[in-house]
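Residue numbers (UniProt numbering): 1 to 55. What follows is a short report on a single structure.
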């Protein structure tokens with residue numbers, strides 16, 4: 001399993017420093033997961049991530 005890490009600050013979503021996004025192959029499934037680090041401005045909120053197929 002490979003984890004793609006992101007940082008969320010306000011409404012900005014960025015790739016976490018040091019996280020390798022190379023060699024991701026379109027059309028594959030079941031081997032990627034996502035992890036999010038939210039800034040303090042998200043404290044006390046409900047955080048939801050939704051993923052949709054690429055069209």
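All C-beta atoms in this analysis are idealised placements derived from N, C-alpha and C, irrespective of residue type, glycine included. Small disclaimer: the values here were computed from a predicted structure and weren't measured.
Residue i to residue j span [Cα, whole Å]
i: residue 34; j: residue 11; result: 17 Å
i: residue 18; j: residue 37; result: 14 Å
i: residue 47; j: residue 41; result: 12 Å
i: residue 27; j: residue 2; result: 15 Å
i: residue 49; j: residue 25; result: 21 Å
i: residue 5; j: residue 29; result: 17 Å
i: residue 32; j: residue 45; result: 25 Å
Identity of the residues DSSP links to residue i by a beta bridge
i: residue 46; result: According to DSSP, residue 46 bridges with nothing at all.
i: residue 6; result: 15 and 36
Span of the beta strand (DSSP E), counted from its first residue to its last, around residue i
i: residue 51; result: Premise fails: residue 51 is in no beta strand (DSSP E) and is neither H nor E.
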